[in-house]
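Scroll down for the structure; my scribbles are underneath it.
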Amino acid sequence: MTIDEARDDFSRLHRTFTLHLGVAVGLSWLTALYAAVYAPWVRNIRALIDPAAGLDRVESTVSYLFALPAVLALAWVSLYFGREVLRRAQTLSNVAVEFAAAAVVAFGVFYLSIDRAVAALYAGF
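Numbering (the working numbering), first residue to last: 162 to 286.
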């Protein structure tokens, strides 16, 4: 594989990953905003979601719903504007493995974001 082919693979994977992460960011924000309309606005929503867990961690509705979508949005903006930095900072020999690992992490954060929004929705009903 030549350097030009490797760059082409990176460009193709970067474009695809940026598109899919952007869709995930949009869905995450829409779900969080929808849950914000129906969720109770309290200082400690964790006590409403799981009363048996105790009051170890106090978390307001705003931080509970919007922290993970904000992390996803920050990652998406960093990915979009940091393309050349990511190209130069490649750590693995295979670009596809790097993007696959990033996709697993992004999907995990996306899943947790949707899970929190659904939990807040159930607390509101």
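For glycine and all other residues, C-beta sits at the position ideal for the given N, C-alpha and C.
Quick one, which of the options has its alpha-carbon nearest residue i's?
i, options, result
"residue 281", "182, 170 and 198", "198"
"residue 237", "253, 248, 175 and 196", "175"
"residue 224", "213, 250, 204 and 210", "204"
"residue 273", "254, 226, 263 and 248", "226"
"residue 229", "269, 210 and 207", "269"
With a 10 Å radius around its C-beta and 16 neighbouring C-beta atoms as the bar for buried, classify residue i as buried or exposed.
i, result
"residue 242", "exposed"
"residue 194", "exposed"
"residue 277", "buried"
"residue 201", "exposed"
"residue 177", "exposed"
"residue 284", "buried"
"residue 218", "exposed"
"residue 253", "exposed"
"residue 182", "buried"
"residue 196", "buried"
Assuming residue i and residue j form a contact by the criterion Cβ under 8 Å, report the distance between their Cβ atoms to the nearest whole angstrom.
i, j, result
"residue 221", "residue 275", "Rounded, the Cβ-Cβ distance is 19 Å, inconsistent with contact."
"residue 279", "residue 233", "Residue 279 to residue 233, Cβ: 16 Å. No contact."
"residue 179", "residue 240", "6 Å"
"residue 171", "residue 246", "That pair is no contact at about 12 Å."
Problem set entry | alpha helix (DSSP H) runs contained entirely in the region 221 to 261, provided each spans 4 or more residues | 222 to 242 and 244 to 249
Problem set entry | Secondary structure, beta strand (DSSP E): runs of 3+ residues fully inside the region 184 to 210 | none
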